[in-house]
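Those sequence lines, one after another, are chains Z and A. Letter 212 of the first sequence, counting from 1, is numbered 212 in our numbering, and no numbers are missing. Just remember that our numbering sits 356 ahead of the position in the second sequence, which is counted from 1. Where a beta carbon is used, it is the ideal one built from N, C-alpha and C, also for glycine. Small disclaimer: the values here were computed from a predicted structure and weren't measured. Inspection log for the structure reproduced underneath, given as structure tokens.
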Amino acid sequence: MSLDFKPGAFNDFFRDETFRDDFTYRNSPQNILRFPFPFDRDDYMYSVNMEPHVPGRKGTAFEHIFDVDEHYVSEMIDRAKVLADDPLRCQSLPHMALAGWDLLELLMESKARDYPQWFSVTKDGNRWHWINRPLGIDHRFTFLDESTLPYGPFEYITRQTQGDFSLQDERDNDLWMDAGMVTSQADWSLDFDVGMSFMEWHAPVPLAHEKGVFDRALKFLLKLQHGAPVRRFNWTMTVNPLLDTAPETYPIWGPSKTTLTPENLGAKQHLRVELQSLYRLPRSNAIAFDIRCYLSRFDDLVTVPKWGRRLHRVLRDLPEELATYKGFIRNRDAMVQWLSKHDDGSPTSPGWWPED
Amino acid sequence: MSGGAKLQVRVAEVVKVNDLITRFRFVTRDGSPLPAFSGGAHTVVEMDDHGTRRLNPYSLMSDPENSTGYDISVRRDDAGRGGSLFMHTHVKPGMEMTLSYPVNLFALDSRAKKHLMIAGGIGITPFLAQIAQLTHFGGRFELHYAARNRALGAYMDSLTAAHPDRVHCYFDDEKQTIDLSRIMSMQPIGTHLYVCGPKGMINWVLTTAEGMGWPEPALHYEEFLAPGTGLPFKVELAASKKTVTVGTTQSLLEAMEAAGVDAPYLCRGGACGQCETTVVKCDGTILHRDHWLTPAEHATNTKIMPCVSRFEGTALTIDR
Chain Z
1 MSLDFKPGAF
11 NDFFRDETFR
21 DDFTYRNSPQ
31 NILRFPFPFD
41 RDDYMYSVNM
51 EPHVPGRKGT
61 AFEHIFDVDE
71 HYVSEMIDRA
81 KVLADDPLRC
91 QSLPHMALAG
101 WDLLELLMES
111 KARDYPQWFS
121 VTKDGNRWHW
131 INRPLGIDHR
141 FTFLDESTLP
151 YGPFEYITRQ
161 TQGDFSLQDE
171 RDNDLWMDAG
181 MVTSQADWSL
191 DFDVGMSFME
201 WHAPVPLAHE
211 KGVFDRALKF
221 LLKLQHGAPV
231 RRFNWTMTVN
241 PLLDTAPETY
251 PIWGPSKTTL
261 TPENLGAKQH
271 LRVELQSLYR
281 LPRSNAIAFD
291 IRCYLSRFDD
301 LVTVPKWGRR
311 LHRVLRDLPE
321 ELATYKGFIR
331 NRDAMVQWLS
341 KHDDGSPTSP
351 GWWPED
Chain A
357 MSGGAKLQVR
367 VAEVVKVNDL
377 ITRFRFVTRD
387 GSPLPAFSGG
397 AHTVVEMDDH
407 GTRRLNPYSL
417 MSDPENSTGY
427 DISVRRDDAG
437 RGGSLFMHTH
447 VKPGMEMTLS
457 YPVNLFALDS
467 RAKKHLMIAG
477 GIGITPFLAQ
487 IAQLTHFGGR
497 FELHYAARNR
507 ALGAYMDSLT
517 AAHPDRVHCY
527 FDDEKQTIDL
537 SRIMSMQPIG
547 THLYVCGPKG
557 MINWVLTTAE
567 GMGWPEPALH
577 YEEFLAPGTG
587 LPFKVELAAS
597 KKTVTVGTTQ
607 SLLEAMEAAG
617 VDAPYLCRGG
627 ACGQCETTVV
637 KCDGTILHRD
647 HWLTPAEHAT
657 NTKIMPCVSR
667 FEGTALTIDR
């Protein structure tokens, strides 16, 4: 058994595009309005901005627990390429196998329920039959028996799911990042962080520790209950629609920050949004963390007047430490300059929806 | 929402296990499978005791992979606040009840080379689920289980039949005691120790382990506190601008709920920390009964756990 993709079905919906080299990634007109714009007001500061992860508005990225959008097939092909170059982007410490099965169950059941036209899972006891039509996968395997899958359960299912994932083991009143699939990250390294505790892997974040954000967040997460997932946003900036902005490959993509000009900024500069969601897993008592990356170029964002005005104000007033930590201090002034042409000074309505 | 997600269930079976213990089996009302859980998890059972709402935590004892039903065992406490008596007297097959999703405050450490389990009396229940889970996924364990006498040794027969070399039983009435220091001295490096039972047993096991130099992260225990009874007391709720009087057999959390205040909770046994509340004013003594707050926090009376703790004095105001 292998995990060779045989895409081809549903090509009228799933885009054939690249996140590297010629960067043919684009959002279709209907997908621009679907973008999860992360600012619900005209300024931004760290907070424990968690809310219940319940299905939201129809036609948005919140409609289903695990959003599958037009970039799905191309993102999975990009992930396979990253893993072929660097297998350490997916790691699972030996005691995390059960948590991997928990996540596999959660993802298969959610996708089959929410997207029956694309995914199906049928069960006869522990004998499961999984069909992933967009990727051309049709597998029968035995649940909880790793020898019946081409990869461990965690790698198997996250090779078929948009978004990075980490699995946190809970012990000693702390969370430990003991597994991860990380190929669309905002400049952090699984290979460096694997095995770390909650405070250890968050150590580099500026300002938030002093505000007690991480003490509160850890306390909150230790009480996360099965059946009651939560979500929050994070965001940064990326030049070119590059999913894999990894420290390991910084020499390759880092210099692209020097290529921005006032003329190409709208097309090359992307707002990178992470819709992060957290799930308590049933058998392992571990916590799954889904970091789903969405990219939108500035040209597309400013087609929504409210978003253009607000993004200008957020970037203009952002504390310098944050712009430095997020890696775009070098181009911040150029972005603010470019966006100022799309801010007429009128008020913006509360909330992040485009037309409210 | 306080208390998190809920499961709508029906009582499928009520089985008297011995003079003190009765087992209850719950299935979903619509026949859908129940979620899998991790060994050591508990559920909070909601009871409508003739108008009084009771929420008691009980360890899940059934096989975590069996999604057709959840089993709990309830020990009758004739001097308690009434939850266990309600379960024994009024809960019958066919009754509809509500459970919380499973919550685990007594999880196995999945890195352990071996799991050494010490159970006293009804404290056996979380180990039953943990042993089932270890049997599915592999994992060494050894159980030492003490009961008052043979008649009260619930589930001893099935445990020893299934795991004759790993389960050891002891009876107080026959003057048998667990030879703890000898057992602990024979464990391989990387063993984790788990104890669930009466407070005295937990203290004895933890003290022995610490004395023998066992590392603290390798020691796990679970003791559910019943909220306990006491004199009635009055509490001002600053945020909701209400005053509640907590009755003799009521907890402060229950009194707030009865007054329509949506206070957070998970375990209702002083262990999880969810209901932690800031004390605004305290003229008197808080009777801290939780495992959550630090000794320093207990001493300064700046926080209270309304699920188990009480108050004696002239005025208590909390931020809820």
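Apart from the five residues on each side of it in sequence, which residues of its chain come closer than 8 Å, Cβ to Cβ, to residue i?
i, result
"N505 of chain A", "F527, D528, D529, E530"
"L83 of chain Z", "R89, C90, R159, T183"
"W648 of chain A", "G626, A627, C628, G629, E632, M661"
"F13 of chain Z", "E70"
"M635 of chain A", "The residue you asked about is not Met; residue 635 of chain A is Val in the sequence shown. Closer than 8 Å at the Cβ level, and outside the excluded window around V635 of chain A, lie I642, N657, T658, K659, I660, L672, T673, I674, D675."
"Y457 of chain A", "G360, A361, K362, L363, P391, T399"
Sorted by chain position, which residues of the same chain lie with C-beta nearer than 6 Å to residue i's C-beta, five sequence neighbours on each side aside?
i, result
"M357 of chain A", "Bear in mind that the predicted position of M357 of chain A carries a pLDDT of just 37, short of 50, making it unreliable; the figure below should be weighed with that in mind. Excluding residues within five positions, none has a Cβ falling inside 6 Å."
"E592 of chain A", "T599, T673"
"H524 of chain A", "H500"
"M443 of chain A", "V430"
Please go through the same chain and pick out, in chain order, the residues whose beta-carbon is closer than 7 Å to the beta-carbon of residue i, but skip the five residues on each side of it.
i, result
"T585 of chain A", "R437, T604, T605"
"L575 of chain A", "L549, L562, A565"
"Y44 of chain Z", "V314, L318"
"V383 of chain A", "V365, R366, A368, T424, G425"
"L224 of chain Z", "V230, L278, R280, I287"
Please confirm whether residue i has its beta-carbon closer than 9 Å to some beta-carbon of chain Z.
i, result
"P420 of chain A", "yes"
"P467 of chain A", "Contrary to the premise, residue 467 of chain A reads as Arg rather than Pro in this sequence. Answer yes: the Cβ-Cβ gap between R467 of chain A and chain Z drops below 9 Å somewhere."
"T460 of chain A", "The residue asked about is misnamed: residue 460 of chain A is Asn in this sequence, not Thr. At least one chain Z Cβ lies under 9 Å of N460 of chain A."
"F393 of chain A", "yes"
"H492 of chain A", "yes"
"C552 of chain A", "no"
"C628 of chain A", "yes"
"L622 of chain A", "yes"
"Q364 of chain A", "no"
"M357 of chain A", "Legend: pLDDT at M357 of chain A = 37, less than 50; position of this residue unreliable, no value from coordinates given."
"S388 of chain A", "no"
"Y457 of chain A", "yes"
"P573 of chain A", "yes"
"A361 of chain A", "yes"
"Q486 of chain A", "no"
"A502 of chain A", "no"
Start and end of the alpha helix (DSSP H) containing residue i?
i, result
"Q489 of chain A", "481-493"
"W253 of chain Z", "250-253"
"E610 of chain A", "608-614"
"I137 of chain Z", "It is not in any alpha helix (DSSP H) - I137 of chain Z instead sits in the beta strand (DSSP E) that spans 137-142."
"H202 of chain Z", "198-202"
"S537 of chain A", "536-541"
"W338 of chain Z", "329-340"
Thinking residue i and residue j are a contact (beta carbons under 8 Å), I'd like their distance in whole angstroms, please.
i, j, result
"D42 of chain Z", "V314 of chain Z", "6 Å"
"R645 of chain A", "V664 of chain A", "4 Å"
"Q162 of chain Z", "V68 of chain Z", "7 Å"
"C552 of chain A", "F483 of chain A", "7 Å"
"A510 of chain A", "N374 of chain A", "6 Å"
"Y25 of chain Z", "L295 of chain Z", "7 Å"
Does any residue of chain A have a CB that is nearer than 9 Å to the CB of residue i?
i, result
"N331 of chain Z", "no"
"G227 of chain Z", "yes"
"D357 of chain Z", "No statement about residue 357 of chain Z is possible, as the shown extent of chain Z runs from 1 to 356 and does not include it."
"S277 of chain Z", "no"
"M96 of chain Z", "yes"
"P282 of chain Z", "yes"
"E170 of chain Z", "yes"
"L144 of chain Z", "yes"
"N49 of chain Z", "no"
From this set, the options, which residue's C-alpha is nearest residue i's C-alpha?
i, options, result
"Q269 of chain Z", "Z:T258, Z:S277, Z:Y151, Z:L278", "Z:T258"
"H519 of chain A", "A:L508, A:G509, A:L499, A:A503", "A:L499"
"P350 of chain Z", "Z:I329, Z:R310, Z:Y325", "Z:R310"
"W235 of chain Z", "Z:D193, Z:N132, Z:N49, Z:S189", "Z:N49"
"K372 of chain A", "A:L508, A:W570, A:A595, A:H654", "A:L508"
"D21 of chain Z", "Z:R127, Z:L98, Z:V239", "Z:V239"
Got a sec, what are the start and stop residues for the beta strand (DSSP E) residue i sits in?
i, result
"P413 of chain A", "408-415"
"G266 of chain Z", "Note, G266 of chain Z: premise wrong, no beta strand (DSSP E); alpha helix (DSSP H) at 265-268."
"F165 of chain Z", "164-171"
"M177 of chain Z", "174-181"
"K81 of chain Z", "Per DSSP, K81 of chain Z belongs to no beta strand (DSSP E); it is in the alpha helix (DSSP H), 72-85."
"K306 of chain Z", "Careful: K306 of chain Z lies outside any beta strand (DSSP E), inside the alpha helix (DSSP H) at 305-317."
"K219 of chain Z", "Where K219 of chain Z is concerned, there is no enclosing beta strand (DSSP E), although the alpha helix (DSSP H) it sits in stretches over 213-222."
What in chain B is Cβ-close to residue i, meaning under 8 Å?
i, result
"K223 of chain Z", "You won't find chain B in this structure, because its protein chains are Z and A."
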